[in-house]
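Participant: In my numbering, the protein residues as written are 1 to 392.
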């Protein structure tokens, strides 16, 4: 079978590459998984009670646009978290996890031509690989913009050539950033929205790590729209990280009425709605903050642990938010293989999360380590990283 040529240049997905690198070698000890961002803290125990209470709903097709109470729960949370007022019918739509929305946004919202040319979608480098696939699927050219120490680990979209900006129809922005943990402040968001206004493109704000932070809640893009076109900004949120429920698949998209109308139109044909009992559970989880505070406290302990164990490592960057460490090791692949064969600790080479541009892969010198395992296991992994990769 011949696949479309537009997909032929996609970089290999990170985790198959990791398996090819490590799995034909024996681990050097008990395995510690620090690769995938899959939260392992407990989710609220009452979630299963809500699902059981509404289990009869499995007998029905779920509403594609989401239960009214779920959509209202999104809006209520946005009001509490960001102080913005959103309409449950016009401004939000549920997603089967944020990946669905981040991918479908390209096809639903990106025009096929801009200024008589192929459109461009900007994204950071390193990047979440669904951004690139979304751009290519929409017929756009993905343009990767470095997010390195020199730019505060956030992409400097204003530095992009104006000829590219004139073709740009959207940019993806992840804050808190995966993998670096950097946070876009109010000024950054305002400048990016102003750039989008100037060159007439949309900002796709991936904010799925917004509730895992040290002390100060990260600013959200919705707080920074000001007098800009309300259709200019589209944000994506999820329960996966906030509430340790990646398997529940509850996310949502929020944007202007025209944006949501287009997103709903595509979802009518291609969406995968959340089963009704799970929608009821999601509404209850979005309404509760106590478990989120408890979850964040566990990550605070892990931040402190990482600072204690790795704080003296040259180039160590304590993350502002999120649950990843972005660690300089010289050669990420070699470091990941050495760590696996000597200790059984499994981390992800940073190059697998980035793409080489002009001979430079901004992730080559790094590994990404997730702080999601139980505390004792995380501590063992961090100590192995220190002792094997940073021994004097």
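Ideal Cβ positions, reconstructed from N, Cα and C, are used throughout, including at glycine. It should be emphasised that the depicted structure is a prediction, and the values quoted were computed from it without experimental measurement.
Does DSSP classify residue 383 as helix, strand or coil?
Facilitator: The count along the chain shown starts at 1 and reaches residue 383 at position 383. Here residue 383 sits in helix by DSSP.
Participant: Can you give, in chain order, each stretch of the alpha helix (DSSP H) that sits fully within the stretch 289 to 360 and has at least 4 residues?
Facilitator: Qualifying alpha helix (DSSP H) stretches, in chain order: 290 to 310 and 332 to 343.
Participant: Kindly identify the DSSP beta-bridge partner or partners of residue 125.
Facilitator: In the chain shown, the residue the question calls residue 125 occupies position 125. DSSP, once it has assigned bridges, lists 146 as partnering residue 125.
Participant: Is the Cβ-Cβ distance between residue 266 and residue 104 less than 8 Å?
Facilitator: In the chain shown, counting from the first residue as 1, residue 266 sits at position 266. In the chain shown, counting from the first residue as 1, residue 104 sits at position 104. It is a contact, given that the beta carbons lie within the stated cut-off.
Participant: Using only CA atoms, which one of 317, 385, 10 and 290 lies nearest to residue 337?
Facilitator: Walking along the chain shown from the start, residue 337 turns up at place 337. Answer by Cα proximity: 385.
Participant: I think residue 348 touches residue 18, with their Cβ atoms under 8 Å apart; what is that distance to the nearest whole Å?
Facilitator: For the purposes of this step, residue 348 is taken as the residue at position 348 of the chain shown. For the purposes of this step, residue 18 is taken as the residue at position 18 of the chain shown. Yes, they are in contact, since the Cβ atoms of residue 348 and residue 18 sit about 6 Å apart, within 8 Å.
Participant: Can the beta-carbon of residue 328 be found less than 8 Å from the beta-carbon of residue 366?
Facilitator: Locating residue 328 in the chain shown gives position 328, counting from the first residue. Locating residue 366 in the chain shown gives position 366, counting from the first residue. Cβ atoms of residue 328 and residue 366: closer than 8 Å.
Participant: Do residue 320 and residue 176 come within 8 Å of each other at the CB atom, strictly closer than that value?
Facilitator: The residue labelled residue 176 in the question sits at position 176 within the chain shown. The residue labelled residue 320 in the question sits at position 320 within the chain shown. Yes, Cβ-Cβ distance for residue 176 and residue 320 is below 8 Å.
Participant: Do the CB positions of residue 259 and residue 223 come within less than 8 Å of each other?
Facilitator: Here the question's residue 259 lines up with position 259 in the chain shown. Here the question's residue 223 lines up with position 223 in the chain shown. Their beta carbons are not under 8 Å apart, which means residue 259 does not touch residue 223 by this criterion.
Participant: Can you list the beta strand (DSSP E) stretches of 3 or more residues lying completely in the stretch 139 to 197, in chain order?
Facilitator: If we require 3 residues or more, the beta strand (DSSP E) runs fully inside the stretch 139 to 197 come out as 141 to 146 and 168 to 174.
Participant: How many angstroms separate the CA atom of residue 53 from the CA atom of residue 35?
Facilitator: Residue mapping note: residue 53 aligns to position 53 of the chain shown, counting from 1. Residue mapping note: residue 35 aligns to position 35 of the chain shown, counting from 1. The straight-line gap from Cα to Cα measures roughly 36 Å.
Participant: Could you check whether residue 346 and residue 22 sit closer than 8 Å to each other, using their CB atoms as the reference points?
Facilitator: Locating residue 22 in the chain shown gives position 22, where the first residue counts as 1. Locating residue 346 in the chain shown gives position 346, where the first residue counts as 1. Yes.
Participant: According to DSSP, residue 114 sits in a beta bridge with which residue or residues?
Facilitator: Counting from 1 along the chain shown, the entry for residue 114 is found at position 114. According to DSSP, residue 114 bridges with 117.
Participant: Measuring straight from C-alpha to C-alpha, what distance separates residue 262 and residue 56?
Facilitator: Position 262 of the chain shown, counted from the start, is the residue given in the question as residue 262. Position 56 of the chain shown, counted from the start, is the residue given in the question as residue 56. Distance between the alpha carbons of residue 262 and residue 56: 31 Å.
Participant: How many Å lie between residue 277 and residue 50 at the Cα?
Facilitator: Taking the first residue of the chain shown as position 1, residue 277 is located at position 277. Taking the first residue of the chain shown as position 1, residue 50 is located at position 50. Looking at the two C-alpha atoms, the distance is approximately 8 Å.
Participant: Please report the distance separating the alpha-carbon of residue 330 from that of residue 88.
Facilitator: In the chain shown, residue 330 corresponds to position 330, counting from 1. In the chain shown, residue 88 corresponds to position 88, counting from 1. Approximately 49 Å, taken between the alpha carbons.
Participant: Would you check if the distance between the CB atom of residue 377 and the CB atom of residue 32 is smaller than 8 Å?
Facilitator: Reading the chain shown from its first residue, position 377 is the one you call residue 377. Reading the chain shown from its first residue, position 32 is the one you call residue 32. Yes; because the gap between Cβ atoms is below 8 Å, this pair is in contact.
Participant: Is DSSP giving residue 258 helix, strand or coil here?
Facilitator: Looking up residue 258 in the chain shown gives position 258. Correct three-state label for residue 258: helix.
Participant: Answer yes if the stretch 130 to 143 comes into contact with the stretch 287 to 304, meaning at least three C-beta pairs across the two stretches below 8 Å, and no otherwise.
Facilitator: Too few Cβ pairs lie closer than 8 Å, so no.
Participant: Is the stretch 206 to 220 close to the stretch 169 to 185, with three or more CB pairs under 8 Å?
Facilitator: As far as the Cβ criterion goes, the stretch 206 to 220 touches the stretch 169 to 185, which means the pair count is three or higher.
Participant: Under the assumption that residue 121 contacts residue 106 (Cβ atoms under 8 Å), give the Cβ distance between them as a whole number of angstroms.
Facilitator: Position 121 of the chain shown, counting from 1, holds the residue named residue 121. Position 106 of the chain shown, counting from 1, holds the residue named residue 106. Yes, they are in contact, since the Cβ atoms of residue 121 and residue 106 sit about 7 Å apart, within 8 Å.
Participant: Ends of the beta strand (DSSP E) at residue 367?
Facilitator: Locating residue 367 in the chain shown gives position 367, counting from the first residue. From DSSP, the beta strand (DSSP E) with residue 367 extends over 366 to 370.
Participant: Looking at the unbroken alpha helix (DSSP H) that takes in residue 282, where does it start and where does it end?
Facilitator: Reading the chain shown from its first residue, position 282 is the one you call residue 282. Taken as a continuous stretch (DSSP letters only), the alpha helix (DSSP H) holding residue 282 covers 276 to 286.
Participant: Could you check whether residue 27 and residue 344 sit closer than 8 Å to each other, using their CB atoms as the reference points?
Facilitator: As a working note, residue 344 is residue 344 in the chain shown. As a working note, residue 27 is residue 27 in the chain shown. Yes.
Participant: To which residues of the same chain is residue 1 closer than 8 Å at the C-beta, ignoring the five residues directly before and after it?
Facilitator: Against the chain shown, residue 1 aligns to sequence position 1. For residue 1, the predicted structure reports a pLDDT of 48, less than 50, and the residue's modelled location is therefore unreliable. The matter cannot be settled from this model.
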